[in-house]
C-alpha cells in the first residue's frame, strides 16, 4: 500500500512542521499557509492532506500523543523486569510533564488544541475519550498496588487517578508559564505520590 | 477626574464584550474588529483604548481576576465571624473552580491568555508575578493552620500551596473540556484537602 503509507508519511511531515511552529512562535496566529511554508509545500498541497486547521491540529495531537505514549512505554520497559504498579504510575506521570523539548512542544500543541476544544464539541470528544481511558489505566495500577499491600485499599479509586492526572496537567501548565521548572514540578508530583502511598504516615509497627 | 474614570469605564465595557465572545465562540480567532463590533463601537474607537489584542487581553484578564478576587473575598467574609485558615483556603480554591458562569468565562479568557503567554515573555510576567503571590497567601494559611494544631507542621510549606494551586488549575481545565463536572472537581479538591489535613489518618488517641 505505498500510496496509503505515503499519505500518512506526508501528514506526519506536516505535523512535524506544525510542531516546529508550536515550539517557536506558537500556533495561535498560525494559518494553514504558515504551516505549508514551514513544511516546504504549497498551500494547495497541504489542503490535499488537511481540510482545516482543526483537522490538522487533531492529527498532530494524536501523532504527538502516540510518540509520547511510545516514550512512556519505553521508560516503563527500562525500569526493571517487573516494575511495581507505583513505578509504572510514576513513569507515566513523569512522562506527562514537559521535562524535555519533545514533551514541551507536545504540551504546546496540546494547549493550542485545548483553547479550540473548549468551544468545539467535536474537538472536545477527543479529550472526553482519552482522559477516561488514562484514568482507567491509572486506577488499575492503584488497585494492583492495593492488592500488593502497597496502598491503602480505599485509595485505589478513580478519584485518586483523576487527582493525579489533573495535578500533572496543572503542574505542566505552570512549567510552560515559567512559574516553576519541570524539575520543581517533578518534586511536587513525588510529594503527592509519597502522600498517596502513605510514605510519611507513621506505621503501626514502626 | 471624569476623563480618567471614563477611560477606565470604557476599557471595562470593552472587556465585558470580550468576555461575551470568550463565553460563546471563543477568543482564538477573534480580532480587535470583532470585539469592537460586540462592544458596539468602531475599530478606531477601540484602538483608542487598546493598541493590540495582547494589551486588551491583559486588561480583561486583570479586570476578571479583580472581580474574581472580590467574589472570593465576599465568600470568605460570608463564612463565619472568624473562619479557620482551612475554611479560608477552601473558599479561595473553590472560587478558582469554574462553578458558575462568571468564573467559567473568566477561565476561558485565562485560557486564551495562557496560550499566548507561553510564547510571549511580557505576558508571562503577569503569571510569574501573580502565582507566587497566591502561593505565598496560601502558605500563610497553611502555617496558621499548623500553629492552631490543625495541620502537621511539615505540611505548612510553599510546596503544598503550589500543589493545591496546580491541582485546581488542572481540575478546572478538565471542567472546561467536559471531562468532569465542576461539582466532581470540587469533590476531588475536598479529597485533596482532607488528605492534606490528615482527616483520614488514624489519630494516635483514636
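Residue numbers (the numbering used here), protein chains in the order written: chain F, 348 to 553; chain S, 348 to 553. Think of the CB as a built atom: it goes at the ideal place given N, C-alpha and C, for glycine as much as any other residue. What you are looking at is a predicted structure, and each value in this text was computed from that prediction instead of being measured.
CA-to-CA distance, residue j to residue i, given in whole angstroms
{"i": "residue 361 of chain S", "j": "residue 354 of chain S", "result": "11 Å"}
{"i": "residue 509 of chain S", "j": "residue 482 of chain S", "result": "6 Å"}
{"i": "residue 382 of chain F", "j": "residue 447 of chain S", "result": "38 Å"}
{"i": "residue 468 of chain F", "j": "residue 370 of chain F", "result": "26 Å"}
{"i": "residue 529 of chain F", "j": "residue 539 of chain F", "result": "15 Å"}
{"i": "residue 553 of chain S", "j": "residue 541 of chain S", "result": "Bear in mind that a pLDDT of 31 at residue 553 of chain S, under 50, signals an unreliable position, so the number given afterwards is only what the model happens to contain. Each residue's alpha carbon lies about 17 Å from the other."}
{"i": "residue 367 of chain F", "j": "residue 437 of chain F", "result": "29 Å"}
7 Å Cβ cutoff, residue i in contact with chain S
{"i": "residue 462 of chain F", "result": "yes"}
{"i": "residue 518 of chain F", "result": "yes"}
{"i": "residue 449 of chain F", "result": "no"}
{"i": "residue 538 of chain F", "result": "yes"}
{"i": "residue 513 of chain F", "result": "yes"}
{"i": "residue 475 of chain F", "result": "yes"}
{"i": "residue 408 of chain F", "result": "no"}
{"i": "residue 380 of chain F", "result": "no"}
{"i": "residue 459 of chain F", "result": "yes"}
{"i": "residue 437 of chain F", "result": "no"}
{"i": "residue 404 of chain F", "result": "no"}
Nearest candidate by alpha-carbon position, reference residue i, set the options
{"i": "residue 435 of chain S", "options": "S:428, S:423, S:496 and S:446", "result": "S:423"}
{"i": "residue 518 of chain F", "options": "F:507, F:501, F:537 and F:494", "result": "F:537"}
{"i": "residue 521 of chain S", "options": "F:528, F:479 and F:542", "result": "F:479"}
{"i": "residue 454 of chain F", "options": "F:356, F:358, F:488 and F:374", "result": "F:374"}
{"i": "residue 386 of chain F", "options": "F:546, F:363, F:399 and F:504", "result": "F:363"}
{"i": "residue 503 of chain S", "options": "S:380, S:433 and S:376", "result": "S:433"}
{"i": "residue 546 of chain S", "options": "S:497, S:528, S:513 and S:531", "result": "S:497"}
{"i": "residue 357 of chain S", "options": "S:372, S:406 and S:368", "result": "S:406"}
{"i": "residue 491 of chain S", "options": "S:544, S:399, S:466 and S:470", "result": "S:544"}
Closer than 7 Å at the beta carbon, the chain C residues around residue i
{"i": "residue 466 of chain S", "result": "Among the protein chains of the structure shown, namely F and S, there is no chain C."}
Reduced DSSP secondary structure (H/G/I, E/B, other) of residue i
{"i": "residue 378 of chain F", "result": "coil"}
{"i": "residue 525 of chain S", "result": "coil"}
{"i": "residue 416 of chain S", "result": "helix"}
{"i": "residue 425 of chain S", "result": "coil"}
{"i": "residue 450 of chain F", "result": "helix"}
{"i": "residue 441 of chain F", "result": "helix"}
{"i": "residue 530 of chain S", "result": "helix"}
Cβ-based neighbour list, residue i, same chain, cut-off 6 Å, excluding 5 preceding and 5 following
{"i": "residue 460 of chain F", "result": "404 and 408"}
Proximal residues to residue i (C-beta, below 8 Å), its chain only, five neighbours per side dropped
{"i": "residue 551 of chain F", "result": "For residue 551 of chain F, the predicted model reports a pLDDT of 41, less than 50, meaning its position is unreliable and no value from the coordinates is stated."}
{"i": "residue 523 of chain S", "result": "445, 451, 454, 455 and 458"}
{"i": "residue 533 of chain F", "result": "441, 444 and 446"}
{"i": "residue 414 of chain S", "result": "449 and 453"}
Residues of its chain near residue i, where Cβ-Cβ distance is below 7 Å and the 5 sequence neighbours each way are ignored
{"i": "residue 440 of chain F", "result": "511, 515 and 536"}
{"i": "residue 410 of chain F", "result": "359 and 362"}
Contact with chain F by residue i, beta-carbon distance below 7 Å
{"i": "residue 546 of chain S", "result": "no"}
{"i": "residue 510 of chain S", "result": "yes"}
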